[in-house]
Amino acid sequence: MKHKEIYFDNNATTKPLQEVREEVLKVMDSEFGNPSSAHSTGKRARKHLALAREQLSLLIGSDISKITFTGSGTESNNMAFYSCTRDKSNGCQILTTTVEHSSIHKMCNFLKLNGVSVNKLEVNSDGLIDLNELKNAITNSTSLVSVQWVNNETGVIQPISQIAEICRDMGVPLHTDAAQAVGKMEMNIQELPIDFLSLTGHKFHSPQGVGAIYCKEKYLLAPLLFGGFQEEGFRPGTENVPGIVGMGKAAEIRRKDLADLISKMKDLRDRFEAMVLDFVPGSKVNGNLKNRVCNTSNIMFSGIDGRRLVKELDQNGVRCSQSSACTNFETAPSYVLCAMGLSEEEAYSSIRFSFSVENTYDEIDSAVKIIRESAEKLKN
Ligand SMILES: Cc1ncc(COP(=O)(O)O)c(C=O)c1O
Numbered sequence: 110m111k112h113k114e115i116y117f118d119n120n121a122t123t124k125p126l127q128e129v130r131e132e133v134l135k136v137m138d139s140e141f142g143n144p145s146s147a148h149s150t151g152k153r154a155r156k157h158l159a160l161a162r163e164q165l166s167l168l169i170g171s172d173i174s175k176i177t178f179t180g181s182g183t184e185s186n187n188m189a190f191y192s193c194t195r196d197k198s199n200g201c202q203i204l205t206t207t208v209e210h211s212s213i214h215k216m217c218n219f220l221k222l223n224g225v226s227v228n229k230l231e232v233n234s235d236g237l238i239d240l241n242e243l244k245n246a247i248t249n250s251t252s253l254v255s256v257q258w259v260n261n262e263t264g265v266i267q268p269i270s271q272i273a274e275i276c277r278d279m280g281v282p283l284h285t286d287a288a289q290a291v292g293k294m295e296m297n298i299q300e301l302p303i304d305f306l307s308l309t310g311h312k313f314h315s316p317q318g319v320g321a322i323y324c325k326e327k328y329l330l331a332p333l334l335f336g337g338f339q340e341e342g343f344r345p346g347t348e349n350v351p352g353i354v355g356m357g358k359a360a361e362i363r364r365k366d367l368a369d370l371i372s373k374m375k376d377l378r379d380r381f382e383a384m385v386l387d388f389v390p391g392s393k394v395n396g397n398l399k400n401r402v403c404n405t406s407n408i409m410f411s412g413i414d415g416r417r418l419v420k421e422l423d424q425n426g427v428r429c430s431q432s433s434a435c436t437n438f439e440t441a442p443s444y445v446l447c448a449m450g451l452s453e454e455e456a457y458s459s460i461r462f463s464f465s466v467e468n469t470y471d472e473i474d475s476a477v478k479i480i481r482e483s484a485e486k487l488k489n
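Residues 110 to 489 in our numbering are what the sequence shown spells out, letter by letter.
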């Protein structure tokens, strides 16, 4: 029997909204111009980029001049790190955390090979860093502090405005990976002393393969690619106009009803969690419950192998995952959960469910029933 698909893996990616798809198609149909062309077709494409920049800027409270489009959140993260280390002498230091996305960890590995020293702050059992440890770890050679705004596996929110104040007072640039924060919380980036912010459209219903980096002072930014003068030379290569237009539209839709959308996702998540904790003995939520983004729930099912549970749920139509999409095919337990002090077994028994505005209460009820039955089956 084919099961109805219930998609609870929205931190991996979200489905582009109908209006977003229509806008993308419209641009591909009639506005195919290269934004760098001098003629009218090119000019129209440039206008689309300008509108998308404005739509995205409004969502995060930025000035349009501070936004550079990129191809992904990964690229934006890499770019921030490269920008702050490229012209430094050997031995400059990056300060980040143990629970960042793989695009940060892998960039750190690369930089280490090039003489940069990397220091990673630990998190407590709630998934939060210690602000005193941050203060003590900053040295004269620190070229960048990078702390994610929201964790992709647990949804835990770091105290970014306090972190930003510490960095400002100590004169060190701050980057935040906001891939899982943008569109899921109110933000006004201009009010915070944050120097770089990475985001990616596909976490808020835009097409995949399009992202952006916010940079407070553009002179701090350095291109990772070499070529033309697109994005003022900060991101050479012809722009992905349809993708950028889609991200702009998705940002506009998000911003219009942001408070309501956040509240809807939170209601869905809270109902889901309450039901699972009620119906599945031995289940427990991982991560700080208070400082958590509205759509994410990471649940440990004690005594059950989460890998088998994810498979069983998938066979019954419920899509969720063990850790992040970027590490799903690794055979190790979640490094985020292990960093929070969970044992390997506990990490393996944990599953991430992440909701979107397109999910429904009916889906929650059906999924919980399937989870309950699957958990019982695997326990036996
Ligand atoms: C926290 C975080 N950072 C960065 C990324 C990378 O974004 P992208 O998939 O656009 O490269 C993701 C996406 O999985 C993420 O969750």
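Idealized CB from N, CA, C, for every residue including glycine.
Please name the residue in the options whose C-alpha comes closest to that of residue i.
i           : options               : result
residue 246 : 398, 202 and 216      : 202
residue 294 : 410, 426, 456 and 170 : 170
residue 430 : 452, 456, 449 and 411 : 456
residue 333 : 426, 343 and 115      : 343
residue 335 : 347, 329 and 328      : 347
residue 324 : 173, 349 and 236      : 173
residue 220 : 244, 208 and 200      : 200
residue 327 : 408, 177 and 270      : 177
residue 330 : 305, 446 and 474      : 305
residue 189 : 308, 297 and 244      : 308
residue 367 : 408, 384, 395 and 296 : 296
residue 478 : 263, 421, 402 and 489 : 421
residue 351 : 130, 419 and 117      : 130
residue 339 : 122, 159, 166 and 400 : 159
residue 484 : 403, 472 and 390      : 390
residue 115 : 289, 290, 321 and 426 : 426
residue 428 : 446, 442, 440 and 464 : 464
residue 403 : 167, 292 and 238      : 292
residue 407 : 432, 270, 137 and 387 : 432
residue 197 : 262, 225 and 168      : 225
residue 204 : 357, 119, 147 and 240 : 240
residue 345 : 179, 117 and 134      : 179
residue 405 : 321, 162, 388 and 466 : 466
residue 314 : 468, 140 and 442      : 468
residue 487 : 419, 383 and 450      : 419
Assign residue i to one of three DSSP states: helix, strand, or coil.
i           : result
residue 97  : As shown, the chain starts at 110 and ends at 489. That puts residue 97 outside it, with no answer to give.
residue 275 : helix
residue 469 : coil
residue 137 : helix
residue 451 : coil
residue 167 : helix
residue 315 : coil
residue 298 : helix
residue 309 : strand
residue 142 : coil
residue 478 : helix
residue 441 : coil
residue 156 : helix
residue 147 : coil
residue 415 : helix
residue 421 : helix
residue 131 : helix
residue 173 : helix
residue 326 : coil
residue 486 : helix
Is residue i a contact residue of ligand 2, with contact defined as CB to any heavy atom under 7 Å?
i           : result
residue 431 : Inclusion of ligand 2 in the displayed structure is not the case, the ligand content consisting of ligand 1 alone.
Counting only C-beta atoms, is residue i closer than 8 Å to chain C at any point?
i           : result
residue 425 : In the displayed structure, chain C is absent; only one protein chain is listed.
Would you list the one or two residues that DSSP bridges to residue i?
i           : result
residue 283 : 254
residue 428 : 116
residue 178 : 321
residue 461 : 407 and 430
residue 266 : 259
residue 291 : 294
| Pairing CB atoms from the region 458 to 469 with CB atoms from the region 410 to 425, are three or more of them under 8 Å? | Yes: the two stretches touch, three or more of their Cβ pairs being nearer than 8 Å.
| At least three beta-carbon pairs within less than 8 Å, the region 297 to 304 to the region 206 to 214 | no
| request: Could I get the ranges of all uninterrupted beta strand (DSSP E) runs contained in the region 328 to 401, with 3 residues as the minimum, in chain order? | output: 392 to 394
| task | Count the CB pairs spanning the region 184 to 200 and the region 379 to 395 that are closer than 8 Å, and state whether there are at least three. | result | no
| said: Please give me, in chain order, every unbroken run of the beta strand (DSSP E) with length at least 3 that falls completely inside the region 181 to 253. | reply: 202 to 206 and 226 to 230
| request: Would you check if the region 259 to 276 and the region 152 to 169 touch, i.e. whether three or more CB-CB distances between them fall below 8 Å? | output: The region 152 to 169 vs the region 259 to 276: no contact.
| task | Specify whether the region 225 to 239 and the region 275 to 292 touch according to this definition: at least 3 beta carbon pairs, one from each stretch, less than 8 Å apart. | result | Contact fails between the region 225 to 239 and the region 275 to 292, because fewer than three Cβ pairs, one in each stretch, are under 8 Å apart.
| message | With three or more beta-carbon pairs closer than 8 Å as the criterion, would you say the region 380 to 395 touches the region 356 to 370? | response | no
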